[in-house]
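Worksheet: one structure, shown below.
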Amino acid sequence: MLPVSLSLFIYLLIAILNSFQASTQPGFGISDCTFADAGNLEHCAKYLNQTLVTFGFPASLDLFANDPVSIARTCNCIYSLLQQRQRDIEFRESTNEQRQRIFLDMLLSSDMSRLEAKVERLEAQLAAKDRELATLTRTEAKATATFKAQIEKLQQERDEFQRMVIGNQQVRTQQIHEMKKKEKEYIKLQERLNQVLMEKKKESRSGMEIMNLLQKEERQRGTWNGKKADNDFYKMIIRNNKNENLICNYITFNALGQLCFIIFLLVLQVDSYEVNKQELMSENADLKALLRSMQMDMREFLNAPNGLSKPTVPLNERIDADPPQSPLGGKTDVFDLPFHMARDQIEESLRTKMASIK
């Protein structure tokens, strides 16, 4: 039997060789070295020598020798195996580190590619958003311009409407003023008409009372008979409408005839009033033209260089000439104003001119 220390040495040597083989053959570990036991030591020693020669280690180890030289050779072989084991571990570590670095580089490169693709995609999205933003900005600018134009148009319409409202209010105020003025004139005319009616009624009553006192030859009172007599009566009124005594003293008549007679008298009175009004207006116009002509003559006489008047201009041409400035600062002639408004100014102007002539 071999000693126990030799068995342990063989077992250790086998483990180192197996680890060395595991470095070259993946998948083969220390757990597989279970072939050495007390019965096959010679075979195992032979196998170990062959394996050491194959891997370049000192061979021909005599594992059963007790001399120091063989033991030293065995120790040197084990030391070489341990160094190889150390180098193998370091190589594995460096290889693992390189593999990890390569893996990390690959991960980083793949991440970088993904990031670059993502950046490109985000840049494309950003460009699309920029285009959308530019489109929205242009649309907003157009909408803002249109909105401002509509606001300005509405403001102009509002201003125009306000001017129209103010103008309508002024026109309405003026119309109300004119209406009140017409109402006052209407009241005055109505009062005048009532006064005329009262006077005519008094005259008619006095005439009828006189006719009622008169009688015909048959001692009967005079009456108004028939349609023919009515027509003759109205014809006589038309022929003698200026002779009111004849109208009042002609005949008595019934209530309807009296009403028609009163209306006819009113019509005649209104016609006479209109004729008188037209005559007064014509006389006023002639007087105004005469005053205007006289004022122009006096002005020309006063403005003449040697105190001599210019040749006389016809009245119609003077009227057609530009009228002097009115006291109100407009183009309206002072003679076109009402008499109560222009009286003082005309008198003052005439006195001034007469004083300058003297």
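Just so it is clear: in the sequence shown, position 261 is 280 by our numbering, and no numbers are missing. For each residue, glycine too, the CB sits at the ideal point set by N, CA and C.
Task: residue 365 versus residue 175: straight-line alpha-carbon distance, rounded - done: Cα to Cα, residue 365 sits roughly 48 Å from residue 175.
- [ ] Work out the CA separation of residue 60 and residue 70 for me, nearest whole Å.
- [x] 15 Å
Open item on the list: Determine whether the beta carbon atoms of residue 93 and residue 82 lie at a separation below 8 Å.
Closed with: For residue 93 and residue 82, yes; Cβs fall inside 8 Å.
- [ ] Flag this pair as yes or no: are the beta carbons of residue 122 and residue 99 separated by less than 8 Å?
- [x] no
Open item on the list: So for residue 322, helix, strand or coil by DSSP?
Closed with: helix
TODO: To the nearest angstrom, report how far apart residue 318 and residue 353 are at their CA atoms.
DONE: Cα-Cα distance, rounded: 15 Å.
TODO: Excluding the 5 residues preceding and the 5 following residue 360 in the sequence, name in chain order all residues of the same chain whose CB lies nearer than 8 Å to its CB.
DONE: none
TODO: Determine the DSSP secondary structure at residue 147, reduced to helix, strand or coil.
DONE: helix
Open item on the list: According to DSSP, simplified to helix, strand and coil, what is residue 166?
Closed with: helix
Open item on the list: In whole angstroms, give me the CA-to-CA distance for residue 343 and residue 162.
Closed with: Only weak support is given to the placement of residue 343: the predicted model assigns it a pLDDT of 47, under 50, and the value that follows is read from those uncertain coordinates. Residue 343 and residue 162: Cα-Cα distance of roughly 59 Å.
Task: Local conformation of residue 85 per DSSP, three classes - done: If DSSP states are grouped into helix, strand and coil, residue 85 belongs with coil.
Open item on the list: With the cut-off set at 8 Å, would you say residue 215 and residue 288 are in Cβ contact?
Closed with: yes
- [ ] Work out the CA separation of residue 112 and residue 120 for me, nearest whole Å.
- [x] 12 Å
TODO: Name the residue from 220, 170, 103, 208 whose alpha carbon lies nearest to the alpha carbon of residue 284.
DONE: 220
- [ ] From the DSSP output, in three-state form, read off residue 136 for me.
- [x] It is helical.
- [ ] Check whether the Cβ atoms of residue 372 and residue 309 sit closer than 8 Å, and answer yes or no.
- [x] No, the pair does not count as a contact, with Cβ atoms beyond the cut-off.
Task: Coil, strand or helix - residue 110 by DSSP - done: helix
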